[in-house]
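At position 169 of the sequence shown the residue is numbered 169 (the UniProt record's numbering), and the sequence of numbers has no breaks. All residues carry an ideal CB built from backbone N, CA and C; glycine is no exception. Here the structure is a predicted model, which means the values were calculated and not measured. Each remark here refers to the structure printed beneath this line.
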Amino acid sequence: MSGGKAPFPLFKDGKRHDGRGPLDLRPIEMKVGILHNANGSAWVKFGGTEVIAAAYGPREPPKFMSLPDRALLRCRYHMAPFSTDERKSPAPSRREVELSKVIREALEPIVLTQLFPRTVIDVFVEVIRADGGTRTAAITAASLALADAGIPMKDLVAGVAVGKVDGHLVLDIDQIEDNYGEADMPVAGAVSLNKVVLLQLNGKLSPKEFDEAMKMAWIGIKKIYEMEKNALKESIKKEVVF
Ligand code: ADP
1 MSGGKAPFPL
11 FKDGKRHDGR
21 GPLDLRPIEM
31 KVGILHNANG
41 SAWVKFGGTE
51 VIAAAYGPRE
61 PPKFMSLPDR
71 ALLRCRYHMA
81 PFSTDERKSP
91 APSRREVELS
101 KVIREALEPI
111 VLTQLFPRTV
121 IDVFVEVIRA
131 DGGTRTAAIT
141 AASLALADAG
151 IPMKDLVAGV
161 AVGKVDGHLV
171 LDIDQIEDNY
181 GEADMPVAGA
191 VSLNKVVLLQ
201 LNGKLSPKEF
211 DEAMKMAWIG
221 IKKIYEMEKN
231 ALKESIKKEV
241 VF
């Protein structure tokens, strides 16, 4: 959020700046198994935001890094230099280091790491186009890549951000809504477990708005979760055919 005022209305006559209604997701596409050189992979597109994720493991850990009772889960979130309007430095920023931790912590309770003591599971997420909601797209792609790698999990994880623009709550905000909005609340959840695994809030919401924003996020998460299941089914079908 820049705190500045948008040069055009972000919400007018029930519509957002891109024509969506408050509860509309951006056009979402997902593909699983897109990379040859990873154990599991996924590509996820939420409108103008695109990310790819690659998962490796469980495999031999680097020296002195293993845990005696479970696998060590490591995640890296990175924005490619070409993902933003102005070339971003390829060096990991503080934001990327923090988001890597946030994504790992969202996935850790879901991955059955206890089944693989003294191993390491790695997930690398690369944002190839950034237009808002990259952390929630990253969590969604990471969850799909882990599933594609055959790593046992309690559930799939799906994420989406709710925002407040011109006083209205809206689902799946893009970069303009994020930059000029009054609040940005990324949420990720595991639908079958009925559990929220990530919740952040930038800006201000009243307790009533917060409850409403959570409801909206959960509506989006359920839809994204169904898309994830379909993407996995598609990839299995392909494996059977070829
Ligand atoms: P998220 O992508 O999860 O919404 P932020 O709220 O931090 O995370 O960022 C919002 C949007 O701002 C990003 O999706 C991206 O489009 C843009 N952005 C973030 N960091 C940078 C950066 N270093 N350079 C240019 N744009 C950025």
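Assigned secondary structure, residue i (DSSP; H/G/I helix, E/B strand, else coil)
i	result
residue 140	helix
residue 52	strand
residue 11	strand
residue 192	coil
For residue j and residue i, believed in contact at Cβ under 8 Å, the rounded distance
i	j	result
residue 115	residue 75	Going by Cβ atoms, the distance from residue 115 to residue 75 rounds to 18 Å, so no, they are not a contact pair.
residue 189	residue 158	7 Å
residue 123	residue 53	6 Å
residue 172	residue 25	5 Å
residue 138	residue 103	6 Å
residue 177	residue 10	6 Å
residue 163	residue 150	The pair is not a contact, with the Cβ atoms about 36 Å apart (cut-off 8 Å).
residue 79	residue 42	Not quite, the Cβ-Cβ distance comes to about 17 Å (not below 8 Å), so this is no contact.
residue 18	residue 148	Their Cβ separation, rounded to whole angstroms, is 31 Å, which puts residue 18 and residue 148 out of contact at 8 Å.
Where the beta strand (DSSP E) containing residue i begins and where it ends
i	result
residue 249	No statement about residue 249 is possible, as the shown extent of the chain runs from 1 to 242 and does not include it.
residue 66	Note, residue 66: premise wrong, no beta strand (DSSP E); not H, not E.
residue 41	40-46
Residue i - containing alpha helix (DSSP H), residue span
i	result
residue 176	175-180
Residue i and residue j closer than 8 Å at C-beta
i	j	result
residue 186	residue 198	yes
residue 125	residue 73	no
residue 144	residue 32	yes
Same chain, Cβ closer than 8 Å to residue i, neighbours up to 5 away in sequence not counted
i	result
residue 212	169
residue 218	187, 189
Close beta carbons around residue i, own chain, < 7 Å, minus the five adjacent residues each side
i	result
residue 225	156, 158, 191
residue 195	189
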